[in-house]
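A.B. asks: Residue numbers (the numbering used here), protein chains in the order written: chain A, 1 to 492; chain X, 493 to 707.
Positions of the beta carbon are idealized from the N, C-alpha and C atoms, including for glycine.
I'd like to ask some things about the structure below.
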Amino acid sequence: MIPFASLLASVDPRPDPRLSERARLSQIDASMRGPAVLFVVTALAWLAAATVLGLIASIKLHAPYFLSGTEFLTYGRLAPACANLLVYGWGCNVAFAVGLWIMARLCETQVKHLGMLYVAGGVWNFGVFWGVAAIVLGGSTSVEWLEMPAGVGPVLGSSYLLIALWVILCFQYRQAGPVYVSQWYLLAAFCWFPWIYFVGEMMTLWAPARGTVQALADGWFVQNALGLWFTPVGLAAIYYCLPKVLGRPIRHYYLAPLGFLVLALFSPWTGARNLIYGPVPVWIQTVSIAASVVLVVTMVVTAINFHLTAWAGRRDVWESPTLRFVVFGAVAFTLSAVIGVVTALRSVNVVTHFTQFAVGQGVNGLYAFFTMAMFGVIYFMLPRLLEREWPSRLLIQWHFWGTGAGVVLMLAALYIGGWNQGMLMNDATVPFIAVVRQLVPVNELRTLALASMAVGLVAFCLHVVLMLVGALISASRAVLVKNGILREGSVG
Amino acid sequence: MKNLPILFSGIFFALATSWCGLILSANLQYGALQPVAVDEGDPLYPQAISGLAAQGRQVYLQMGCINCHTQQIRPDGVGADIARGWGKRGTVPRDYILQDRVLLGSLRNGPDLADVGDRNLNTHNHFLHLYDARLVTPDSNMPPFKFLFRTQKIGDEPAPHALKFPDGSPDMPPAGYEVVPTERALALMEYLHSLKIDYELPEAKFAPAATPAKP
Numbered sequence: 001m002i003p004f005a006s007l008l009a010s011v012d013p014r015p016d017p018r019l020s021e022r023a024r025l026s027q028i029d030a031s032m033r034g035p036a037v038l039f040v041v042t043a044l045a046w047l048a049a050a051t052v053l054g055l056i057a058s059i060k061l062h063a064p065y066f067l068s069g070t071e072f073l074t075y076g077r078l079a080p081a082c083a084n085l086l087v088y089g090w091g092c093n094v095a096f097a098v099g100l101w102i103m104a105r106l107c108e109t110q111v112k113h114l115g116m117l118y119v120a121g122g123v124w125n126f127g128v129f130w131g132v133a134a135i136v137l138g139g140s141t142s143v144e145w146l147e148m149p150a151g152v153g154p155v156l157g158s159s160y161l162l163i164a165l166w167v168i169l170c171f172q173y174r175q176a177g178p179v180y181v182s183q184w185y186l187l188a189a190f191c192w193f194p195w196i197y198f199v200g201e202m203m204t205l206w207a208p209a210r211g212t213v214q215a216l217a218d219g220w221f222v223q224n225a226l227g228l229w230f231t232p233v234g235l236a237a238i239y240y241c242l243p244k245v246l247g248r249p250i251r252h253y254y255l256a257p258l259g260f261l262v263l264a265l266f267s268p269w270t271g272a273r274n275l276i277y278g279p280v281p282v283w284i285q286t287v288s289i290a291a292s293v294v295l296v297v298t299m300v301v302t303a304i305n306f307h308l309t310a311w312a313g314r315r316d317v318w319e320s321p322t323l324r325f326v327v328f329g330a331v332a333f334t335l336s337a338v339i340g341v342v343t344a345l346r347s348v349n350v351v352t353h354f355t356q357f358a359v360g361q362g363v364n365g366l367y368a369f370f371t372m373a374m375f376g377v378i379y380f381m382l383p384r385l386l387e388r389e390w391p392s393r394l395l396i397q398w399h400f401w402g403t404g405a406g407v408v409l410m411l412a413a414l415y416i417g418g419w420n421q422g423m424l425m426n427d428a429t430v431p432f433i434a435v436v437r438q439l440v441p442v443n444e445l446r447t448l449a450l451a452s453m454a455v456g457l458v459a460f461c462l463h464v465v466l467m468l469v470g471a472l473i474s475a476s477r478a479v480l481v482k483n484g485i486l487r488e489g490s491v492g
Numbered sequence: 493m494k495n496l497p498i499l500f501s502g503i504f505f506a507l508a509t510s511w512c513g514l515i516l517s518a519n520l521q522y523g524a525l526q527p528v529a530v531d532e533g534d535p536l537y538p539q540a541i542s543g544l545a546a547q548g549r550q551v552y553l554q555m556g557c558i559n560c561h562t563q564q565i566r567p568d569g570v571g572a573d574i575a576r577g578w579g580k581r582g583t584v585p586r587d588y589i590l591q592d593r594v595l596l597g598s599l600r601n602g603p604d605l606a607d608v609g610d611r612n613l614n615t616h617n618h619f620l621h622l623y624d625a626r627l628v629t630p631d632s633n634m635p636p637f638k639f640l641f642r643t644q645k646i647g648d649e650p651a652p653h654a655l656k657f658p659d660g661s662p663d664m665p666p667a668g669y670e671v672v673p674t675e676r677a678l679a680l681m682e683y684l685h686s687l688k689i690d691y692e693l694p695e696a697k698f699a700p701a702a703t704p705a706k707p
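Below, the structure written as structure tokens:
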């Protein structure tokens, strides 16, 4: 055991117990600074890239000649490239930053061996770049959310394990005491994702299952990536930020574990809900519909927890940029969950399936809920990591209103337009081209909404850059002061 | 709850049961389906597609056609898939067993293509549609795939698939030249023509009210 003792000591992430709680937290923040900032910055860069590609793709849907000269910018390549950037570039990177940080803080553990995290982060982002470049160059596998070539799988998978290891180590070495629900959600999400990804990759690309079992495996992957990866990370973030910023406990907190258990036990069974009336056995569709309906429990529990807590502190919610975004995300989650239950029913699904309504559900889950919640956490996290306040109120306003208005407009357009599309499509007396014509204003509104979201994102990215530049300047000034080159308080 | 391995197993178990329940059991139930004949002595269906069509499927993947076109027909009475003439019956698991990548798709910005090869499409119009959909369907929002065609000097006689543009079309090549599909376009067309649900299976008969396929 002796040779291992030093290794164990070197990974033991517990901070010095002699420090006060506040000092311990800031020691944890300091230990996370580099990797967390790196993941946030790369995530935002990918989100910006996804927004540009999404905007071009959206314009193409109502103006098919826009940038149509080259095959690299056809809709069929931009759409999956945008989705993969959102999922692996933005979503996973920001989940790494936020998940690690919240887990470390709640467990009161530091993250060590940062070199490993930097390498893993670099490899992960190399994988994302490779995969998306391959899609644009024509190497798409056409398997939803697994469009990147099979070779990318091991790259993403191995770097993921190095990152997730720290979440699990933090939990293993946590300070004694009750485990908070955010820890449950994060630990589970970080343990689930590698299995989900492994099964998805194996059963569709490496050793494809026969016939539509492949489609089932892909459906299971997509549902679980949303339900057991992005959703729990988003919920953990909301459960963490709401009481922390408001300074009041979650209302009816005793219900929270129930919401977690129902999500964990039933969400993975919804795998075939995108194949309702499709060429898979009916019993599988029925199981998935039933599981979707049971998820109502998680929806109700989180709605009670979030909305009652936020309502009790509604004045503070409006004042805090963190809470504005987080509460937006919480409301969007409730909406997304309600719609998820309703559209699982066969009579509703027959209308919404294959339409822009389904696209709207994706936007609702991934952007209106997850992304907005992540924006909120970043507003809370960066000042603590960098020990500076956000410099501009105005940029926060631009970010919130640009993104918020864009998301609301997009959801309204896709839900209403998509429902209409489904009704027309199911009426054989309406020629198909009339359905296409009806979608033109919907697609134009989507472009407008994306443009608004892009404005919000530009404001946010600018703000983050200002924040980082400010942190760099003050850090270098501190070094200069320390070395006696600059006097404390002097200008220049 | 105090113990990481137990917690980890619980988390893994929740996921693993659903994998066994949904995917493994589906694989056991119908992962070994074989082509069958409706009556003894009839040809076996589904049938494998030609080599050129398989190349065309690669083009279908490359171009991301799946982002707007599904390849699954819902059963008679569900939606209007059959009433629209997208197929004569709903598709069933056995229809897909010979496809190494199943391209069901999930969005219909364009029509379903599971049975497109059975719609008596005029090949020339179909090429024209691929070149620029608005030459055939004025309000279509399908992207133009002009880069799947090339302009060449007319040889001794016009090439078999040379595009015939409507008079005054700005796409009309200069005199003495013609626009012809490249190998990729030819393969893609072969693939589209190979997409046919024109056979019955013991478990899937043509819908009684199936309207004749529209051109």
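For X:I498 and chain A, any beta-carbon pair shorter than 8 angstroms?
C.D. replies: no
A.B. asks: Using alpha carbons as the reference points, say which of X:I503, X:C560, X:L613 lies closest to A:S58.
C.D. replies: X:C560
A.B. asks: So does the segment 158-166 of chain A actually touch the segment 114-123 of chain A, counting three or more Cβ pairs closer than 8 angstroms?
C.D. replies: yes
A.B. asks: In angstroms with no decimal places, state the Cα-to-Cα distance between A:Y239 and A:D218.
C.D. replies: 30 angstroms
A.B. asks: My output table needs one value for X:V584: the three-state DSSP class, helix, strand or coil.
C.D. replies: coil
A.B. asks: Indicate the three-state DSSP secondary structure (helix, strand or coil) for X:V671 in the structure shown.
C.D. replies: X:V671 falls in the strand class under three-state DSSP.
A.B. asks: What in chain X is Cβ-close to A:P80, meaning under 7 angstroms?
C.D. replies: G556, N559
A.B. asks: Please identify, using Cβ separations under 9 angstroms, the residues of the segment 621-642 of chain X that lie next to chain A, in order along the chain.
C.D. replies: Here the close residues are D624, A625, R626, T629, P630, D631, S632, N633, M634, P635, P636, F637, K638, F639, L640.
A.B. asks: Are three or more beta carbon pairs between the segment 288-306 of chain A and the segment 338-348 of chain A nearer than 8 angstroms?
C.D. replies: yes
A.B. asks: Can you list, in chain order, the stretches of the alpha helix (DSSP H) that have 4 or more residues and sit fully within the segment 239-301 of chain A?
C.D. replies: 256-266, 282-294
A.B. asks: If you drop the 5 nearest sequence neighbours on each side, which residues of the same chain put their C-beta closer than 6 angstroms to that of A:L263?
C.D. replies: T298
A.B. asks: A:K482 versus chain X: which residues are under 9 angstroms apart at the beta carbon?
C.D. replies: Using a Cβ-Cβ cut-off of 9 angstroms, A:K482 is close to nothing in chain X; its nearest Cβ partner there is about 42 angstroms away.
A.B. asks: Let's see if you can read the secondary structure: which residues bound the alpha helix (DSSP H) around X:R600?
C.D. replies: Note, X:R600: premise wrong, no alpha helix (DSSP H); not H, not E.
A.B. asks: So that I know if they touch, is there some Cβ in chain A lying closer than 8 angstroms to that of X:D531?
C.D. replies: no
A.B. asks: Using a Cβ-Cβ cut-off of 8 angstroms, state whether A:I284 counts as contacting chain X.
C.D. replies: yes
A.B. asks: Measure the C-alpha to C-alpha separation of A:H307 and A:L235 and round it to an integer number of angstroms.
C.D. replies: 13 angstroms
A.B. asks: Within the chosen definition, does the segment 429-439 of chain A reach the segment 471-490 of chain A through at least 3 CB pairs nearer than 8 angstroms?
C.D. replies: no
A.B. asks: For X:V651, would you say it is in contact with chain A, using Cβ-to-Cβ distances shorter than 8 angstroms as the test?
C.D. replies: The question names Val, yet the displayed sequence has Ala at residue 651 of chain X. For X:A651, the answer is no, since every Cβ of chain A falls outside 8 angstroms of its Cβ.
A.B. asks: Interface residues of chain X around A:Q277 at Cβ under 7 angstroms?
C.D. replies: Reading the sequence as shown, one finds Tyr at residue 277 of chain A and not Gln. Here the neighbours are R566, P567, V570.
A.B. asks: Let me know if X:K580 comes out buried or exposed under the rule of 16 or more other beta-carbons within 10 Å of its beta-carbon.
C.D. replies: Answer is buried; the Cβ neighbour count reaches 16.
A.B. asks: Report the neighbours of A:C533 on chain X: residues whose CB is nearer than 8 angstroms to its CB, in chain order.
C.D. replies: The displayed coordinates of chain A run from 1 to 492. Any statement about residue 533 of chain A would go beyond what the structure contains.
A.B. asks: Rounded to a whole number of angstroms, what is the C-alpha to C-alpha distance between A:N84 and A:E147?
C.D. replies: 8 angstroms
A.B. asks: Counting only beta-carbon separations shorter than 8 angstroms, does A:G271 have a partner in chain X?
C.D. replies: yes
A.B. asks: Using alpha carbons as the reference points, say which of A:A50, A:W101, A:N125, A:G138 lies closest to A:L382.
C.D. replies: A:W101
A.B. asks: Which bits of chain X does A:R77 rub up against, with CB to CB less than 9 angstroms?
C.D. replies: Q554, M555, G556, N559
A.B. asks: For a quick check, are the C-beta atoms of A:Q214 and A:M203 less than 8 angstroms apart?
C.D. replies: yes
A.B. asks: Where do the ends of the beta strand (DSSP E) carrying X:K645 lie?
C.D. replies: 641-645
A.B. asks: For A:F230, which option in A:G69, A:R437, A:A373 has the closest C-alpha, if you only look at C-alpha atoms?
C.D. replies: A:A373
A.B. asks: Taking all protein chains shown into account, decide if A:Q285 is buried (16 or more other Cβ within 10 angstroms of its Cβ) or exposed.
C.D. replies: By the Cβ neighbour-count rule, A:Q285 is buried, with 16 or more other Cβ atoms within 10 Å of its own.
A.B. asks: Under 8 angstroms, CB to CB, which of the residues in the segment 165-184 of chain A have a partner in chain X?
C.D. replies: I168, F171, Q172, V179
A.B. asks: Would you list, in chain order, the members of the segment 421-437 of chain A that have their beta-carbon closer than 7 angstroms to a beta-carbon of chain X?
C.D. replies: M425, N426, D427, A428, F432, I433, V436, R437
A.B. asks: Please confirm whether X:G523 has its beta-carbon closer than 8 angstroms to some beta-carbon of chain A.
C.D. replies: yes
A.B. asks: Measure the CB-CB distance between X:L687 and X:D592 and report whether it falls below 8 angstroms.
C.D. replies: In this structure, X:D592 does not lie closer than 8 angstroms to X:L687 by Cβ.
A.B. asks: Beta carbon of X:I565, beta carbon of X:G577: below 8 angstroms?
C.D. replies: no
A.B. asks: Give the residues of chain X in contact with A:Q27, contact being defined as C-beta atoms less than 9 angstroms apart.
C.D. replies: Going along chain X, no residue has its Cβ under 9 angstroms from A:Q27, so there is no contact; the nearest lies around 24 angstroms.
A.B. asks: Decide if X:Q669 is buried, meaning its Cβ has at least 16 other Cβ atoms within 10 Å, or exposed.
C.D. replies: Correcting the residue type first, residue 669 of chain X is Tyr in the shown sequence and not Gln. Here X:Y669 is exposed, its C-beta having fewer than 16 other C-beta atoms within 10 Å.
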